[in-house]
Structure formats: structure tokens, C-alpha cells
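Chains as they are written, first to last, in the numbering used here: chain V, -2 to 314; chain P, 98 to 489; chain Z, 1261 to 1485; chain G, 3 to 213. C-beta atoms are modelled at their ideal positions from N, C-alpha and C, and glycine is treated no differently. In this text, all values refer to a predicted model and were calculated from it rather than measured experimentally.
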Amino acid sequence: MMNAFTPPLALALVDIGRIISLTLIAAGLLWLFIRAIKLKEVERRVIFLFIFISVAAPILFPTVFKEKATPVVKAVFDKIESLPPGSKVLLSYDFDPAMAPEVQPMADAFSRHCLVKGHKIIYMCLFATGQGQFTRTMENVIRPEFPEKIDGVDYVNIGYKAGNEGVLNVIISDFKKMFPTDVNAVPYDSIEVFKGIRSCKDLDLIISIGGGRPGIKEWVLFVGDPGDVPIATGVAAVVAPQLYPYYPKQLLGLLGGVKGAAEYESELVAHYSRFKDSPTPALLMMGPQTLAHIVIMAFIIIGNVLFIQGRRKEGKR
Amino acid sequence: MVVPARAVPEPADSLKADSVEIIIAPPTSPVVSDFKYDDGNSLILTWVPSIDDLPVGGKVLSYHIFRSDNGGEAKKIAELIPGANYYKDEDLYSDTNYAYHVVALSSNSRAASFQTASIRPQREWVNLNLKYLFFIALIIAASVIYFIETAKRGKKLFVRKIAGLEAVDEAIGRATEMGRTILFIPGIHDMDDVQTLAAITILGRVSRVVADYDTKIRMPVARSLVMTAARETIKASYMSAGRPDAYNDDMVNYVTDEQFGYVAAVDGIMVREKPATIFLLGAFFAESLILAETGNSVGAIQIAGTARPAQLPFFIAACDFTLIGEELFAASAYLSGEPKQLGSLKGQDVGKGIAMLAILLGVLLSTIAAVGDTETITDILNFITRVFTVTN
Amino acid sequence: MKRGVPLIITFVVGTVLIFSVFIPPMENLGENFTLFFDIIAVFAFFLGGGNLLRVHLTKLTRRKRDWEYSIVTIVGFFFMLACGLFKIGNPGDISASLTAEGSWFQTIYDNVFVPLGSTMYALLAFFVASASYRAFRAKNREATILLIAAFIILLGRTPLGTFVTGWIPDSFSVLQIPNLAIWIMNSPNLAGQRAIMIGIGLGVVSMSLRLILGIERTYLGGEDK
Amino acid sequence: MEHFALWLAAFLTLGIISFLYKDNAWYKLTEAIFVGLSAGYWFVTLFWDNFYGKFWIGKGEHAYLYVGAFLGLLMLLRLIPKIGWISRWPLSFIVGATSGLWLINYFSSNIMKQVQATIFPLFSSQYGAGFDAGAATVIGNLVIFLGTFTGLVYFFFSKEHKGAFGYTAKVGIWVIMITFGASFGYTVMSRMSLFIGRIDFLLSDWLGMIL
């Protein structure tokens, strides 16, 4: 992964590789386009070669495309941005390792954003495996990047409780009943973060990350709607379309799949120069994806040029 | 046997330190009743939560359910969260008496309800929850059978042309002319999938034409049972074409159960034998496009069909003809050309009519109900919704 | 006996299973069938595996084209049987877990199966590209609609989509490509899926009835009496 | 050993990818390995799970398992040509059971539930103002309703696609085409990520070329 410690020479090599591969793809597509106007079909293997390069090159020479946040993603970013420092944000890790490649980058990005803004974070999870995923955020984000933040004062982890929506049904009115202590057995009343918090209704924002069951739908139904608490979410790409009907009334915004995560990371880097060298896994993953999508669209266009030219020629005859 | 605790509820704001016993009221009116429409193996327990189980500042932390079998000692069978007021107990026996009581727990005390009466789970012989399902299924099944019978009596029935199926004869003819093989892939599922059954029934029609034309057919399969069924089917076709000696077991061969192992082998067969015609009919998963693209690259005419909506787009993109969902199941009847088989397709249309009518009425009524809200319309709407709601 | 008995079996078994859904004491019949089926499948494998061996042995003995590879297949098949059935290469004895850590069976699974399967699966990345090149051409109205829908969705998955239509005012934000892509997924896509699914349901009902009633009997031997 | 396993995995991975160029000896070898090993693998798994697991471990628990075994044995009679026709009995048992089982299953999940899901109000006072919240939702609802309806018209078998009926069917097939185009486009990303995974294996696990 690229970061500040990459030696300058290697960086230059990467840049050269990136430029060469992108030029190669662009020039190749242009050439094929011109050939298409002259009615020359493209062989399958040429398409294969283009796909191969467009995926392999951005992996070998990490390539990041600028992502412009879509309104649904921007809404989440702006919400966290506009809250005054010291606001209480709950991050619920409702996912397991299988969903992690898509949503862990979101969880990390939310954590970074909240901590840099000085919000207080409550971490919990509705999936038992969410605990392990939180440990990753702890080790990859909080400890290395925010060593000054203190457990219990700036953030707290209250862990997992079995009961799915039942848990939510309780914490909508009383946190302490469900979570008498945090994971380190510190009693609720002596946790700094919980000062002035009795239930979910006292929170400024809730973000559920995952997309399975229990997950965001339960959060909206059992906490967001009855408690009138702002809720946002980050989910896997397959789930995202089903959640759009909730936006913007019941969900203030949502991140769908690696693309959503990449948009958020890009927004974060644009606003905070201190994150310029932080890992941006979603943006890196989007590199080959974007390039491959563009190549496929280019071939669809080439195919249609061929078709139109072919018909024109037939018409002349 | 169980002495319920009698507690005087205290005002909620008098929360004291944990060392002092927090007294809570017990849950009340526990009632156990039979769970309807099962095989006599579940009961349902309901109760009124403790009055100290308040949404805010409540002192009840959990409920424990206790059960006594045939008057024996009561044992804890479940722990529930605050606010719970029912519990479904499953995997019981219909010859045992069960009695329950519920205990509410605070952080350091407990309060038990009375014990319920002792009852046995009852077995019901008919699941009345499914009565509407049964009736609608009956109507559709009856109309299928009705049209089959009508057709048998010689009434002419019209069925529109299905392009993918019109092409079958031509596709087989092409292979015959070119002297190449026909490849038939029946999906990767076993005989316990209806799509595989559909593929086998279509194979019956295809192999009949193949037998008449004396074309070569090749059928690698991913399941041993499918191999057996396919051999039986092709053999039968050759028999009815009057050429049993032309049949050979080697037309069908087993490759491997492994999804992508099978795909690797079929891809190999495609590029090496260059079949003129490829049928891809049955249950397909991710391999749909791998097979269809490889088949296309060797210049074969491809007729595909599946009932997996996720794979249909790939067949549409890469094959010459695609049977979309319902058409796959109708194919065998269509190809047979027999009136009684075509009759069953007409019966299906009655089902479509019912579905369309229900959707039309439902949307209309619920829109009126959402805007105007009149009671009669809401009643009719609720009825329609209930008819189409399947509960178990 | 040859035709009559099978037709009766199909009819009786099919009818009983249909009605079992509505009769609680019989509700487990469907599950039991799955058990039966699994067992029959094991027996059937003797036919399938036997056939696999026969095909490759014939290839080998007759020195047909590519016979060399048949040796690999046969050896691989027996090797796996030895590792699995007799637990050869398993650190434990015969009663040890099949997938025990360090057993040959598991090692082969991890280092041969997984890479082979996932690479075969990954070929889709290439075929998706070649198929869209060929299929998404505006040949007629249906193909044009297919092309446009696919293109909008593809565009919505890249930053390009946001840049191309970012100028559209927020009050018409649904027309911005990423939102439009979502709208397509949620509305027309859903409608099409539903129509297809209802159709499939009816197709299954009708075909199952034809099989149970014995009208469709090609699998038992065509149209002869 | 671990080194060998890594190289083996890379060898096999490249063998499959080489098929994209053309059929070749490397691919044939890979394919032969895959077929042989996987057929053996599945037999072993079936044997332990379904045969040993059910007859030795769960012995006596389900007496009717023996009915299954009996049917399985009948299946093997195929090997004796003279009485091979008896194998049709287990076959017709399977065909009957599969038909019966799935008839009601598909009926309830594909017909009843989908119809029920399509009964909804086109607009309701709950939708907010503004184009994207109100109008887009209403238009979306209308499209779901009309799309499902016309899609079903397309599947009608007993009426020729002519006149007004033909136009409705035409709209139906357009909706279905949008469905196919959209699902195709939406799947591209997940297909790419599979290949990204393989490239990542080759470049980083095997060659160690990624920083």
C-alpha cells in the first residue's frame, strides 16, 4: 500500500508505470475506434488483453481516480462535518468478515472523520463477529493515527448483545438496561462518553455499517423512526438498491459498496490534509474497477460504431 | 409449587445502590395455549410484563421462562429481553403435559409469575392458515387440467409462436448438414431441481428429432442421476424413432459434480469438437456466461433457457435464442405439438389472469384507500392482501 | 410393469407431496424426500464415477486424441479416493476428520481446488467484456433498450457518471446518472423481475402437473404405447 | 512445502487463464487435474456425509432411510441389462417427488408472494414534496405496477401479440429488456473483483511485486 514511507525512487517508478499503462489503454482504444469506423471488427482476444491490462496495471501501479461524492454520500459526510465538536455519534458494526472487504473501509473512514472532528464515538455491534471487526479499526485507525484519544473519554466500545431488534427496542429508551458496562467492565455511569446520554434519543447521529440482518432496516424501524434520531448507513453493494426508498426521509444518507466507501475517502482526503497519507483501501480498489468499466463502455461504443457503419455501407449498396 | 413473589412496586426514581435489593413486580396473567396448525409439537406462552418493566428507567433486566413437564421439576428453558410478552416453545411431544411460569429479573432480585395450567400440544390435521393458498392453487391446477381435457376432446387451441422453440428444428438441421455434433447441457443441478426436469423433458423432444435426422448428440453432465435419466430419455427417443440400434450409452457421460471443474471440461469439449448447435437449458449459475461465450466463439447456434433471473441477462447477451423463465417450462409441451400438452399452457394463462387481476384490483384499491380511506374499500383490500399472504 | 408402474409411482408420490404441505402431521415428508434423494445420489455415483473411468480408460487404451491427459484424470480420481476414503496422508487414523489440518485431502482442496475454481470463475471478467461488446448493439428497439439500461448502470458505477450529469439541478437530482441508475434498479428492474418470477411459478405448476398426471412421459419412453 | 503449494497454485491459475488465448496443452493438463480430483473429491464427500453419516452414525434413527437405500440399489440394476428397466422406478419416484415438492413451493414463493408484494398504493399522503422524494417515487411505483402487468401480458401464450394486446406485450418485453440490461451492468463490478482477486494472488502472493 502506498504511504509516506514509500521511497522516492519507487514512487517515480510507479508514476512512470501508471502513465505508460494509461497511455497504452487510451491509445489502443483510440486505434480500435478508428479501425471501427473503417469497419474492422475487434477480435475477442484483443478485448481480453485490454481487460487484463486495465485490471493488472492499476494494481501494480496503484492508480486512484478522483471520486466526486454523490448526494447520498455527501449527505453523510456533511452531517458529520456540521455537528459541533463533542457530539455523540454511535457506530454499529453490523457485519462479519465476509462483508468486511466492502464495508470495513467505511467503518474506518467514519471513525477517522468523527475523531478528527472531536466527536465522541460509541461503538457497538448487532453481529457477534462485529467485535473482531472493531478490533481492526482500533489497531489500524485509532491507535496509530489518534494515540491521544482516550478510551472512555473520546470513544467507548460497549460490544455485542444478543437479541437483534430486541436490543434496539431497549436502547431506544434506556442504554444502561442493555449495556450496564462497556466491554472492559467499566460501569455505565462512570463512562465519560455517556454523560448526558440516557437512550438513543440523546445521540446526534447513528451509523449502522453492514447491510445484513439485523442491520440498518432494524435500526430505522426500531430506533430512527420512533426516536426521531438521524440515521445513516454504509452497506454492501448488493443491498444498496433496496435501501434507497428510505432516503432521504428515514435515512439521511448511505454509502453503497466499495464505490460509496471510495467517495467518502476521497471527500475525507480533500477536506483534511492530515489524511493524505492514510490508507485509502476503497479508492485503491476502485482503480481497476473504474478502468475496467471504462474499457467495457468503450468497447460497447466501438461495437455500435461498427454496427452503424455496417448499416450505412449496406444502405449505400 | 411455585410461590409467586408479592412485591409492592416502588416509584421508578428511587433507584438505589446495587447493594440494596431492587424489588420488582412479577409478570402477570401467564397463559399457555396450543400453537395452531402444527403436528402437535409447539405451544405458545403469553404474559403481561412486570409493571416495573418500563421503557425508561425500568428495573427488569430479563425474563426467564421455566417449564415443568408432566408435573415434574420446573427447568429454565429460555432467557428473553425486557419488554418480551410471548414465547413459542417448539419440539414438544403431544403426549406430555406442560406448564410454565415466567420470572422477571432485576440486577439482584427476581419475581416469579403464577404457574399456568398444564396442557398438551394438539395436533391439527389440516393447516387452515394455508386455505387461500390451497384454493388458488386448486383453481389454477383445475384450469390446467380442464384445458388438457378440452384439448383431448379435439378442440383446437391456439398457442402463439415462441421464437426460441421455432428455431430448434432448424438448429438441429444445421448440425446435420454440417456433419457436426449437437451439445446438450442440462444445467449443473441434480434431478431434484425442476429446471433439470424441464431440461430432460425438452431433451426428449430434441433427441427425437436427432434420432430422425441421424445427427450426433453429445451430453456431458455434472450429476450421475441426470446421466441416468438422460440416457433413459434419449434411448426412448431412438426406440420410438424405430432406430434402437443407433443409440449408444456414450452419448451421455458424467464429468464431475464440481461446478467449475465441469465448466472447464465443457469449455474444452466446445473448443475441440466445435459443435454446430448448443443447448444450454436448466439451472445455471455463474458459469452461464462462461459457457455461452465459449460456445459463441466456436460459431455454434445457441439456444439457452433458465429459470434463474440472475443468469438470464447473460444468456440474452451471448446466445441466439433464450427461453425466458416460463418459456423453459412450456418448451416441452410446445415442441410436442400435442393438443393435450398445449392445453396445459392455456391453463397457465388463467393463472396469469388471476395474478394480473389481483395486482390491478390491489393497486387500485390501496391507492384509493391511501387517499380517501373509506372503510369498505379498506375491508376489500385487506381481504385481497390476506388471500395472497402466505403464513406458516 | 415397464411403463405402468413408473407412472403410478410418479402420480402417487407427487400427489402425496403436494397435499403434505397442507397436513401438519405430514409436514416433514418434503425433508425426508431430500434425505432419500441424497442416498440415491450416492448409489448413482457408482454409475457416474464408473462412467468417468470407462470413458478415460477407453481413451487411453484406444490411444484416442489427447489420451495422455486421461492418465492424469484417472490418477487424480484414485488419488483423491485414497486420500478421502482411506485417509491416506491424514495425520490421524481412519476415524480422523476428513478435513483435518495438514491432511492431503485438505491441502489439495486449499491449493488445487480453490485456485482452480476461483480462476475459472474469474474468467467471467473477460467474458462479461466480450459479451457486452458483441451484444449491446442497437440492432432493434429491444436491443437498444437493453444497451441503454446497461450503459447507464455501467456509467453510474464510475466517477464519470457523477461528472457527466453533475450540472443537473438538485430538484431534478433523479436524472443525475448515479441516481438514475438506482431508480432503474429499483423500479423497472424490479417490475421485470416480478413478471419473470410469476411466470416461472406458473410454468412450474403446469409442468409439474403434466409430469404427475403422466401426460409428459418422454423420460420414460416417448410416445409409444 | 508451502513454497511448492504456492507455485502449484500459480501454475494452475495461469493454466486456466491461458485458455483465453487458445486451447493448449497447459489448459488441457489443468483441466484433466481439475476433473479427476474433483470427481474423487465429491464422491468422498458424498460417501462420508450421506452414506456413512446417515447409516453408521445416525443408525436406526430413521428406519425409512433404508427405503432410500433400496431405491438406490434398484438404480444400480441398470448394470444388469435384462432387468435394467427396474431402474425407472427410483427415477419416477424422484420425478414425482421433485414435481410435487416444487409445485407448491414455487406457487407460494413465486406467485403468491410476488403478487402480494405488488399490491401497494401508487401514491400516499406520506410522501414528501419535491421532485426526488414525491414525483420520482410515484413514477417509480407506477412503473413497478405497469411493468409487472405488461410483463405478464408478454408471457401470455394463448393470444397472438397483435393490436392493443400486442402493444401491451411490447411494453412488457421492453421492461424485461431494461431488467436484463440493468442486471448485466450491475454485475460487472462483482465479476471484475473476482479477477482482481486472482491478479492480486499472482502479483503479490506469488511474485511479491506489490509494495
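Proximity test, Cβ basis, 8 Å: D1484/Z and chain P: By one-based count along the third sequence, residue 1484/Z stands at place 224. Because the pLDDT of D1484/Z is 42, which lies under 50, any placement of that residue in the model is unreliable, and the number read from its coordinates should be weighed accordingly. For D1484/Z, the answer is yes, since a Cβ of chain P falls inside 8 Å of its Cβ.
Stretch-stretch touch, CB-based, cutoff 8 Å, three pairs: the stretch 75 to 85 of chain G with the stretch 1436 to 1456 of chain Z: no
Cβ neighbour criterion (16 or more within 10 Å) applied to V112/G: Within the fourth sequence, the letter at position 110 stands for residue 112/G. The residue asked about is misnamed: residue 112/G is Asn in this sequence, not Val. Of the other Cβ atoms in all chains shown, 16 or more fall within 10 Å of the Cβ of N112/G; this residue is therefore buried.
Min CB distance N1311/Z to chain G below 8 Å: In the third sequence, counting from the first residue as 1, residue 1311/Z sits at position 51. Not closer than 8 Å to any Cβ of chain G, the Cβ of N1311/Z fails to qualify, so no.
Proximal residues of chain V, C-beta to C-beta of D202/G below 8 Å: Position 200 of the fourth sequence, counted from the start, is the residue given in the question as residue 202/G. Simply I56.
Residue range of the beta strand (DSSP E) that includes R315/P: The count along the second sequence starts at 1 and reaches residue 315/P at position 218. Where R315/P is concerned, the enclosing beta strand (DSSP E) stretches over 313 to 318.
Short Cβ contact (8 Å threshold) for Q445/P with S1468/Z: Reading the second sequence from its first residue, position 348 is the one you call residue 445/P. Reading the third sequence from its first residue, position 208 is the one you call residue 1468/Z. Taking 8 Å as the Cβ cut-off, Q445/P and S1468/Z do not qualify as a contacting pair.
Residue range of the beta strand (DSSP E) that includes G160/V: If you number the first sequence from 1, residue 160/V lands on position 163. Per DSSP, G160/V lies in no beta strand (DSSP E) and is assigned neither H nor E.
Beta-bridge pairing of F163/P - partner residues as DSSP gives them: Taking the second sequence and counting its residues from 1, the one referred to as residue 163/P is at position 66. Bridge partners of F163/P: K173/P, H198/P.
Range covered by the beta strand (DSSP E) that runs through Q130/V: For this step, residue 130/V is matched to residue 133 along the first sequence. Segment 127 to 134 is the alpha helix (DSSP H) holding Q130/V; no beta strand (DSSP E) there.
Proximity to P245/V [Cα-Cα], best of G149/V, Y261/V, V217/V: Along the first sequence, one-based indexing puts residue 245/V at 248. Per the Cα distances, V217/V.
Any alpha helix (DSSP H) of 4 or more consecutive residues that is wholly inside the stretch 405 to 479 of chain P: For the stretch 405 to 479 of chain P, whole alpha helix (DSSP H) runs of length 4 or above, ordered along the chain, are 409 to 415, 423 to 433, 436 to 468.
F30/V versus A1389/Z - alpha carbon distance: On the first sequence, position 33 is the one that residue 30/V refers to. On the third sequence, position 129 is the one that residue 1389/Z refers to. Using only the alpha carbons, I get a separation of about 16 Å.
Segments of 4+ residues assigned as alpha helix (DSSP H) that fall wholly inside the stretch 0 to 46 of chain V: Restricting attention to alpha helix (DSSP H) runs no shorter than 4 residues, the stretch 0 to 46 of chain V encloses them at 5 to 34, ordered along the chain.
Of the listed residues F45/G, Y43/G, S195/G, S94/G, nearest to F1386/Z (C-alpha basis): Counting from one through the third sequence, the residue named residue 1386/Z turns up at place 126. Taking each of F45/G, Y43/G, S195/G, S94/G in turn and checking the Cα distance to F1386/Z, the smallest one comes out for S195/G.
DSSP state of I169/G mapped onto helix, strand, coil: The sequence position of residue 169/G within the fourth sequence is 167, counting from 1. A quick correction: the sequence has Tyr, not Ile, at residue 169/G. When DSSP states are grouped into helix, strand and coil, Y169/G belongs to the helix group.
Three-state secondary structure assigned by DSSP to V368/P: Numbered from its first residue, the second sequence carries residue 368/P at position 271. Helix, per DSSP.
8 Å Cβ cutoff, M324/P in contact with chain G: Residue mapping note: residue 324/P aligns to position 227 of the second sequence, counting from 1. Interface residue (Cβ-Cβ distance to chain G less than 8 Å): M324/P is not classified as such.
Collapsed DSSP secondary structure at K192/V in the structure displayed: Locating residue 192/V in the first sequence gives position 195, counting from the first residue. The answer is coil: DSSP assigns K192/V none of H, G, I, E or B.
Sub-8 Å separation of V167/V and P179/P beta-carbons: Residue numbering aside, residue 167/V sits at position 170 when the first sequence is read from its first letter. Residue numbering aside, residue 179/P sits at position 82 when the second sequence is read from its first letter. In this structure, P179/P lies closer than 8 Å to V167/V by Cβ.
For Y261/V and D9/V, the rounded distance between their alpha carbons: For the purposes of this step, residue 9/V is taken as the residue at position 12 of the first sequence. For the purposes of this step, residue 261/V is taken as the residue at position 264 of the first sequence. In the sequence as presented, Asp is not what sits at residue 9/V; that position holds Ala. Each residue's Cα considered, the two are about 27 Å apart.
Residue burial classification, V468/P (beta-carbon count within 10 angstroms, cutoff 16): Indexing the second sequence from 1 puts residue 468/P at position 371. When all chains shown are included, V468/P counts as exposed.
Segment contact, 8 Å Cβ cut-off, at least three pairs: the stretch 228 to 240 of chain V with the stretch 197 to 208 of chain V: yes
For I1283/Z and I398/P, the rounded distance between their alpha carbons: For the purposes of this step, residue 398/P is identified with residue 301 of the second sequence, where counting begins at 1. For the purposes of this step, residue 1283/Z is identified with residue 23 of the third sequence, where counting begins at 1. For I398/P and I1283/Z, the distance between alpha carbons rounds to 48 Å.
Assigned exposure category for P410/P - 16 Cβ within 10 Å defines buried: Position 313 of the second sequence holds residue 410/P. The residue is buried, with at least 16 neighbouring Cβ atoms inside 10 Å.
First and last residue of the uninterrupted alpha helix (DSSP H) at V1424/Z: Here residue 1424/Z refers to the residue found at position 164 of the third sequence. Residues 1419 to 1425.
Exposed unless 16 or more other CB atoms sit within 10 angstroms - verdict on I1444/Z: Taking the third sequence and counting its residues from 1, one reaches residue 1444/Z at position 184. It counts as buried.
Contiguous beta strand (DSSP E) assignments of at least 3 residues, all confined to the stretch 67 to 112 of chain V: 85 to 90
Neighbouring residues, chain V, relative to I1442/Z (Cβ below 7 Å): Counted from its first residue, the third sequence places residue 1442/Z at position 182. When 7 Å is used as the limit between beta carbons, I1442/Z is near these residues of chain V: P238, Y241, in chain order.
Minimum C-alpha distance to F296/V - residue among K146/V, P242/V, E142/V, V39/V: Locating residue 296/V in the first sequence gives position 299, where the first residue counts as 1. Ranking K146/V, P242/V, E142/V, V39/V by Cα distance to F296/V puts V39/V first.
Cα-Cα separation between G130/G and T482/P, rounded to whole angstroms: What you label residue 130/G is simply residue 128 of the fourth sequence in a count that begins at 1. What you label residue 482/P is simply residue 385 of the second sequence in a count that begins at 1. Reliability fails at G130/G, whose pLDDT of 45 lies under 50, so the model's placement of it is uncertain and no value is given.
Cβ-Cβ distance between R109/V and F272/V below 8 Å: Within the first sequence, the letter at position 112 stands for residue 109/V. Within the first sequence, the letter at position 275 stands for residue 272/V. Cβ atoms of R109/V and F272/V: closer than 8 Å.
Where the beta strand (DSSP E) through C122/V begins and ends: For the purposes of this step, residue 122/V is taken as the residue at position 125 of the first sequence. Here the beta strand (DSSP E) through C122/V covers 117 to 122.
Under 9 Å (Cβ pairs) to chain Z, residues found in the stretch 176 to 208 of chain P: none
Integer Cβ distance of R1477/Z from L1267/Z, believed to fall under 8 Å: What you label residue 1477/Z is simply residue 217 of the third sequence in a count that begins at 1. What you label residue 1267/Z is simply residue 7 of the third sequence in a count that begins at 1. Yes, R1477/Z and L1267/Z are in contact; Cβ-Cβ is about 7 Å, under 8 Å.
Where Y351/P falls: helix, strand or coil (DSSP): Numbered from its first residue, the second sequence carries residue 351/P at position 254. Reduced to three states, the DSSP call for Y351/P is strand.
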